[in-house]
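Heads up: take any position in the sequence shown, counting from 1, add 14, and you land on the working numbering.
For each residue, glycine too, the CB sits at the ideal point set by N, CA and C.
Remarks on the structure that follows.
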Amino acid sequence: LAPPVRRLHADPRLLAPLALADFEAINRGERPLPESFNFAGDVLDQWSQKEQTGERPASPALWWVNGKGGEVKWSFGELGTLSRKAANVLTQPCGLARGDRVAVILPRVPEWWLVNVACMRTGLVFMPGTTQLTAKDILYRLRASKAKGLVASEEVAPAVESIVSECPDLRTKLLVSPRSRPGWLSFQELFQCASAEHSCVETGSREPAAIYFTSGTSGSPKMAQHSHSSLGIGYTLCGRYWLDLESSDTIWNMSDTGWIKAAIGSVFSPWLQGACVFVHQMAQFDTDTFLDTLTTYPITTLCCAPTVYRMLVQKDLKRYKFLKLRHCLTGGEPLNAEVREQWKRQTGLDLHEGYGQTEVGIICANLKGQEIKPGSMGKGVLPYDVQIIDENGNILPTGQEGDIALALKPPRPFSFFSEYVDNPGKTAATIRGNFYVTGDRGVMDSDGYFWFVGRADDVIISSGYRIGPFEVESALIEHPAVVESAVVSSPDPIRGEVVKAFVVLSVPFKSSDPEKLTLELQEHVKKITAPYKYPRKVEFVEQLPKTITGKIKRNVLRDQEWGRT
Ligand code: BCO
């Protein structure tokens, strides 16, 4: 495989607005980032022009289905017109202005893509959230970000209504639903009469574009802020060389709209390449529906969490004939070598793992054409210089375990997040010497391949979700049965790892039926915080291991779960 950077300039298939052609020079610090960049104006509208001149295949830019007969197919031209109307809805009746933060809590509906592009066109800061968020989660997000606007679906409307009086900065609530609801503006109604005339704001390259909430070991989720260039230009290489996309491709990326993986796999990387983004809005994830979708639609490229592949390989995959599938990807949690092998045996297709983070996008990957070492997450990808470092910021020799880190050689890579908003302490804590520290432990072998070892902190990575133990412990303590708890990861054959809670019970609950109480605590956590975080395993204990100063030693419990001494 030729080094990507050399091919970048020579590759006529790459859409090349100025900023993209200069990617390599910018990355080496030989040229500054262009002052302004806007993905909607500089990329999407260019594809729209290419459609008109016949330089792009006639496939849609967005192809959405819901399995119940609902289908939407938009060209780049249509996406342009409709997102301009959405931009006018956000700025005029909603009264939102450039720089305002907007929480967008929608399932995989076409309007999510419209609002996303509309935020780019208007310079609004897009803050996606999963529809699994509870009232408490939403309250935290709205207050911490001082969001001025909220776009939500009917399923989250009651949760929003229960906390909205505590959010003094929130000016506008916009409901995406065929039905209207008192106290909400109706997206559908306003959209009908909105003008399609809108001129795209010339956003600065480093101007904030989006905020992602990301969990850590302690405290509430941090607000990782990305700029127009970190998202809009940063994913060029990922789209071209990991996802291997061209404008004739159709990618199905399974990720929920709340995660950065939706931005990588269902917005920026595919649309930079002019590819079609396919979406199936399933009410509930289901392997049969999933496999039927691959046999019905001309999906060429599939990207989902290892947990999904673990679920799929339980089926007899040889019974299915996938229509066009040629390239399969996975990321968000470690992939087992065994699952890769089973997928390959049953479908004939390789699984190309990528490793990344909300803060910095894709860091390592098995690029198309590169030899895959089963169990490894591939080599470092541009624009990053990935290294394994010690606690003093020194690069470790190959084969030695350490912290996975990214060199911050000046200039700081522009695909980096800008900061954790209002949290300079946590932003600074990611830097060690000349490196950004990911918080993950790993090893690099002598061929430059990286091998994931685990988190350096207590964060749990389950089914591709990053779960902070403190958030689960805080939910548990709100139940009268819980005196204290410690939440750690525990191995699971399908989900990689799951959340396990060690719980010390209060006296009145000590004689409760443990099975019933486990279910009660699980339901309790699902009500307090997003359900994907609920402890799938619960163990009642008399006491928790603690340090001399009284701090709970989660590592002791975790090691016990994983059979480590
Ligand atoms: O499994 P259970 O049924 O016991 O519980 C599930 C749901 O039933 C439950 N739930 C959901 N909504 C609820 C609710 N319970 C009560 N009330 C509600 N409103 O909560 C549990 C949620 O678990 P889940 O989301 O894992 O569900 P499921 O159906 O098993 O889905 C499996 C996956 C694999 C489809 C799902 O886990 C998934 O999408 N995982 C991938 C996550 C992902 O995209 N991660 C990428 C993050 S970005 C990143 O890593 C950066 C990379 C550059």
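Span of the beta strand (DSSP E), counted from its first residue to its last, around residue i
i: G253; result: No beta strand (DSSP E) contains G253, which DSSP labels as neither H nor E.
i: Y369; result: L365 to Q371
i: I474; result: I474 to S476
i: K187; result: T186 to V190
i: T321; result: Not the beta strand (DSSP E): T321 falls in the alpha helix (DSSP H), residues P320 to L326.
i: V174; result: Looking at the DSSP string, V174 is not in any beta strand (DSSP E); the run it does join, the alpha helix (DSSP H), is A171 to I177.
i: T271; result: Unbroken run through T271: none, as it is neither H nor E.
i: L343; result: H341 to T344
Coarse secondary structure for residue i, derived from DSSP in three states
i: Y398; result: coil
i: K567; result: coil
i: T543; result: coil
i: F282; result: helix
i: D573; result: helix
i: Q239; result: strand
i: A166; result: strand
i: M141; result: strand
i: F51; result: coil
i: N380; result: coil
i: V123; result: coil
i: G246; result: helix
i: K560; result: strand
i: E85; result: strand
i: R578; result: coil
i: V291; result: strand
i: K335; result: coil
i: C108; result: coil
i: L128; result: helix
i: C133; result: helix
i: K329; result: coil
i: I403; result: strand
i: K387; result: coil
Near the ligand ZN: residue i beta-carbon under 7 Å from a heavy atom
i: S477; result: The model depicted lacks the ligand ZN and carries the ligand BCO instead.
Reference residue i; option with closest CA among the options
i: D114; options: S390, R509, R135 and E575; result: R135
i: L396; options: N406, C252, G91 and Q106; result: C252
i: S243; options: Y154, N52, E485 and G83; result: N52
i: E44; options: V178, Q146, P425 and A72; result: P425
i: D263; options: K338, I278 and F428; result: K338
i: D506; options: L410, G478 and P483; result: G478
i: G368; options: D527, V374 and A379; result: A379
i: R509; options: M325, N406, K560 and H493; result: M325
i: G375; options: S499, A132, F431 and A149; result: F431
i: W126; options: Y249, A158, T67 and T271; result: T271
i: S200; options: E211, A171, A224 and S176; result: A171
i: V555; options: R70, S499 and Q298; result: S499
i: V502; options: E529, K547, E492 and V521; result: K547
i: L381; options: H341, E415, G346 and V400; result: H341
i: F466; options: G389, Q106 and A495; result: G389
i: G279; options: C318, I247 and A166; result: C318
i: A224; options: E69, F140, D454 and I377; result: F140
i: G68; options: F90, K551 and E534; result: F90
Alpha helix (DSSP H) segment containing residue i, residue limits
i: R115; result: Careful: R115 lies outside any alpha helix (DSSP H), inside the beta strand (DSSP E) at R115 to I119.
i: T303; result: T301 to T310
i: K358; result: A351 to T361
i: F90; result: F90 to T105
i: I152; result: A149 to S159
i: I265; result: Here I265 belongs to no alpha helix (DSSP H); instead the beta strand (DSSP E) covers T264 to N267.
i: W61; result: D59 to Q66
i: A75; result: It is not in any alpha helix (DSSP H) - A75 carries neither H nor E in the DSSP assignment.
Secondary structure, alpha helix (DSSP H): runs of 4+ residues fully inside the segment 406-472 = Those alpha helix (DSSP H) runs which fall completely within the segment 406-472 and span 4+ residues are 438-443.
Length-filtered (3 minimum) beta strand (DSSP E) runs lying within the segment 480-555 | 496-506, 510-519 and 551-554
Are the segment 292-308 and the segment 149-169 touching, with three or more C-beta to C-beta distances below 8 Å?
-> no
Minimum length 3: unbroken beta strand (DSSP E) runs contained in the segment 201-235 = Those beta strand (DSSP E) runs which fall completely within the segment 201-235 and span 3+ residues are 222-228.
Cβ contact check for the segment 290-298 and the segment 122-129: 3 or more pairs under 8 Å | yes
Touching or not, the segment 388-402 and the segment 451-460, by the rule of three or more beta carbon pairs under 8 Å?
-> Note that the segment 388-402 touches the segment 451-460; at least 3 beta-carbon pairs, one per stretch, sit closer than 8 Å.
How do the segment 483-496 and the segment 540-556 stand: do at least 3 beta-carbon pairs fall below 8 Å, yes or no?
-> Here the segment 483-496 makes contact with the segment 540-556; the two share three or more CB pairs at distances below 8 Å.
Report yes or no: do three or more beta-carbon pairs, one from the segment 234-243 and one from the segment 339-358, lie closer than 8 Å?
-> no
Does the segment 435-450 come close enough to the segment 404-414 that 3 or more CB-CB pairs lie under 8 Å?
-> yes
For the segment 464-473 against the segment 272-289, are there 3 or more C-beta pairs whose distance is under 8 Å?
-> no
Is the number of C-beta pairs between the segment 172-183 and the segment 560-570 that are closer than 8 Å three or more?
-> no
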